[in-house]
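Chemist: Okay, so the sequence shown: first residue is 2 according to the working numbering, each after it adds one. Provided herewith is a single structure, encoded as structure tokens, for subsequent inquiry.
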Amino acid sequence: GSDDMGFDPFAEEVDWGDDMDDGYASPVEKPAEDSGAGRKLEDYSLDVVFIGDSLTEQRQGTMMGKPVTDFDGIKEVFDKTFTKDKGGDFNGIALGISGDTSANLLWRLMNGEMPYGLTPKVWWLGIGLNDLSMKGCSEEVVLLGILRVVEEIQNAHPNDVIVINSLLPVQRNADGLLEHLGKHHEDLALKKNEKNLLDEEMSQKRAHVDFWPSIVAINEELSKFASKHKGVKFFNADSVFVDERQDGKYLKMDLMHDPVHPNVSGHKKWNNAIKKRLHEIIKDEE
Numbered sequence: 002g003s004d005d006m007g008f009d010p011f012a013e014e015v016d017w018g019d020d021m022d023d024g025y026a027s028p029v030e031k032p033a034e035d036s037g038a039g040r041k042l043e044d045y046s047l048d049v050v051f052i053g054d055s056l057t058e059q060r061q062g063t064m065m066g067k068p069v070t071d072f073d074g075i076k077e078v079f080d081k082t083f084t085k086d087k088g089g090d091f092n093g094i095a096l097g098i099s100g101d102t103s104a105n106l107l108w109r110l111m112n113g114e115m116p117y118g119l120t121p122k123v124w125w126l127g128i129g130l131n132d133l134s135m136k137g138c139s140e141e142v143v144l145l146g147i148l149r150v151v152e153e154i155q156n157a158h159p160n161d162v163i164v165i166n167s168l169l170p171v172q173r174n175a176d177g178l179l180e181h182l183g184k185h186h187e188d189l190a191l192k193k194n195e196k197n198l199l200d201e202e203m204s205q206k207r208a209h210v211d212f213w214p215s216i217v218a219i220n221e222e223l224s225k226f227a228s229k230h231k232g233v234k235f236f237n238a239d240s241v242f243v244d245e246r247q248d249g250k251y252l253k254m255d256l257m258h259d260p261v262h263p264n265v266s267g268h269k270k271w272n273n274a275i276k277k278r279l280h281e282i283i284k285d286e287e
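Printed below as a string of structure tokens:
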């Protein structure tokens with residue numbers, strides 16, 4: 002029967018022994034003795050794992066697991082930035098599932114997507130927008146969901162760095178206006194030109210798209226949390242996607258594929274900003 006396995010893989014302390022092959026190569030950095038042509042798998046070192054929803058899945062070139070032609074370029078850009086063999090500065094993988102909420106992601110991490118042997122230096126987390134939009138969760142619930150995922154990763158990998166990516170802005174109107182600066186008629190101006198995110202699929206709890214105030218509030222709390230917790234960093238992607246003009250803040254529409262998902266240019270700029278931050282983080286850790 003199943004009781005004869007000899008050890009319990011789920012026991013708190015498992016002595017894997019020195020000879021036990023867990024199926025994963027040990028990510029040991031060895032000095033390069035040659036041009037890299039003869040590198041063994043054991044020399045491969047994973048720098049970053051991206052985990053999240055459709056914005057992360059785009060990096061795999063898919064949506065709901067199916068290839069999307071529009072996203073081919075996004076995958077290419079990701080691979081070039083996060084595969085050393087293709088000229089990237091880092092090795093990274095993307096584990097994203099469209100439509101995932103924090104609860105879905107937590108389940109994945111608890112059920113095999115954070116296996117023994119998956120040991121990046123950095124976990125890059127991008128989750129929470131579906132909690133807010135599709136599920137109509139309150140800002141507090143969205144925040145708690147994201148932080149519960151952070152806690153799960155920290156428990157399993159206390160020495161790894163976790164970067165919480167800010168919730169990205171969602172388009173509110175045709176011009177990409179997110180908020181007026183110093184004008185009292187902002188709500189009026191925006192409501193005239195609301196754009197529905199997913200029409201029928203949109204949660205009735207939030208019948209029209211006005212996520213920006215909530216996104217700002219959640220990002221502020223995530224930033225505060227990161228500043229108080231060792232090993233947790235916050236990355237604000239507004240620097241990439243938001244344009245602050247004299248009359249207001251605007252979503253850079255030329256970087257967007259639709260109201261929610263960045264296009265190839267958006268991903269390219271975002272990847273470059275991430276790359277810069279990773280250099281800082283990994284240098285600090287060494």
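All residues carry an ideal CB built from backbone N, CA and C; glycine is no exception.
#1: Whether or not the segment 130-142 and the segment 172-179 are in contact is what I'm after, with contact meaning three or more pairs of Cβ atoms, one per stretch, closer than 8 Å; do they touch?
#2: Does the distance from the CB of G97 to the CB of G53 come in under 9 Å?
#3: Do you know offhand how far M111's Cα is from R278's?
#4: So is H209 buried or exposed if we call it buried at 16+ other beta carbons inside 10 Å?
#5: Quick one: Cα of E58 to Cα of F83, how far?
#6: Which residues in the same chain have their Cβ closer than 6 Å to the Cβ of A33, if we skip the five residues on either side of it in sequence?
#7: For A104, which option in E153, E287, F242 and D239 has the closest C-alpha, if you only look at C-alpha atoms?
#8: Check K269 in the structure and name its three-state DSSP category.
#9: Distance, Cα to Cα, G100 vs F226?
#10: For a test of the three-state rule: what should DSSP assign to A38, helix, strand or coil?
#11: Going by other Cβ atoms of all chains shown within 10 Å of its Cβ, with 16 needed for buried, is R60 buried or exposed?
#12: Please list the segments of the alpha helix (DSSP H) lying wholly inside the segment 39-89, counting only runs of 4 or more residues, in order along the chain.
#13: According to DSSP, is V162 part of a helix, a strand, or is it coil?
#14: Which full runs of the beta strand (DSSP E) of 3+ residues lie inside the segment 215-285, going along the chain?
#15: Grab me the residues of V162's own chain with a C-beta within less than 6 Å of its C-beta, minus the 5 sequence neighbours each way, in chain order.
#16: What does the alpha-carbon distance come out to for the pair H181 and A238?
#17: Within 10 angstroms of the Cβ of S167, are there 16 or more other Cβ atoms? Answer buried if so, exposed if not.
#18: Just to confirm before moving on: does the CB-CB distance between G93 and F72 stay below 9 Å?
#19: Report the partner residues of E180 according to the DSSP bridge assignment.
#20: Would you mind sorting S228 into buried or exposed? The rule is 16 or more other CB atoms within 10 Å of its CB.
Modeler: So, to answer that:
#1: no
#2: Counted from its first residue, the sequence shown places residue 97 at position 96. Counted from its first residue, the sequence shown places residue 53 at position 52. Yes, the Cβ-Cβ distance between G97 and G53 is below 9 Å.
#3: Taking the sequence shown and counting its residues from 1, one reaches residue 111 at position 110. Taking the sequence shown and counting its residues from 1, one reaches residue 278 at position 277. Roughly 28 Å between the two C-alpha positions.
#4: As a first step, residue 209 must be located in the sequence shown, where it is residue number 208. Residue confidence for H209 is low, a pLDDT of 46 falling below 50, so the modelled location carries little weight; the figure read from the coordinates is stated next. The residue in question, H209, is exposed, as its Cβ has fewer than 16 Cβ neighbours within 10 Å.
#5: Taking the first residue of the sequence shown as 1, we reach residue 58 at position 57. Taking the first residue of the sequence shown as 1, we reach residue 83 at position 82. Taking the straight line joining both Cα atoms gives about 15 Å.
#6: In the sequence shown, residue 33 corresponds to position 32, counting from 1. With a pLDDT of only 49 at A33, under 50, the local geometry of the prediction cannot be trusted, and the value read off the model is given with reservation. The answer is none, since no qualifying residue turns up.
#7: On the sequence shown, position 103 is the one that residue 104 refers to. For the residues E153, E287, F242 and D239, the minimum Cα distance to A104 belongs to E153.
#8: As a first step, residue 269 must be located in the sequence shown, where it is residue number 268. In this structure, K269 counts as helix in the three-state DSSP scheme.
#9: Residue 100 sits at position 99 when you count from the first residue of the sequence shown. Residue 226 sits at position 225 when you count from the first residue of the sequence shown. Rounded to the nearest angstrom, the two C-alpha atoms are 25 Å apart.
#10: The residue given as residue 38 occupies position 37 in the sequence shown. The predicted model places A38 with a pLDDT of 48, which falls under 50 and marks its position as unreliable, so this point remains unresolved.
#11: Looking up residue 60 in the sequence shown gives position 59. Under this definition R60 is a buried residue.
#12: 55-58 and 73-82
#13: As a first step, residue 162 must be located in the sequence shown, where it is residue number 161. Strand, per DSSP.
#14: 233-236, 243-245 and 249-252
#15: Here residue 162 is taken as the residue at index 161 of the sequence shown, counted from 1. Closer than 6 Å at the Cβ level, and outside the excluded window around V162, lie V123, G232 and I282.
#16: As a first step, residue 181 must be located in the sequence shown, where it is residue number 180. As a first step, residue 238 must be located in the sequence shown, where it is residue number 237. Rounded to whole angstroms, H181 to A238 spans 20 Å at the Cα level.
#17: Mapped onto the sequence shown, residue 167 falls at position 166. The residue in question, S167, is buried, as its Cβ has 16 or more Cβ neighbours within 10 Å.
#18: As a position in the sequence shown, residue 93 is number 92, starting the count at 1. As a position in the sequence shown, residue 72 is number 71, starting the count at 1. No. Outside cutoff.
#19: Looking up residue 180 in the sequence shown gives position 179. Beta-bridge pairing links E180 to K250.
#20: Taking the first residue of the sequence shown as position 1, residue 228 is located at position 227. It is exposed - the Cβ of S228 has fewer than 16 other Cβ atoms within 10 Å.
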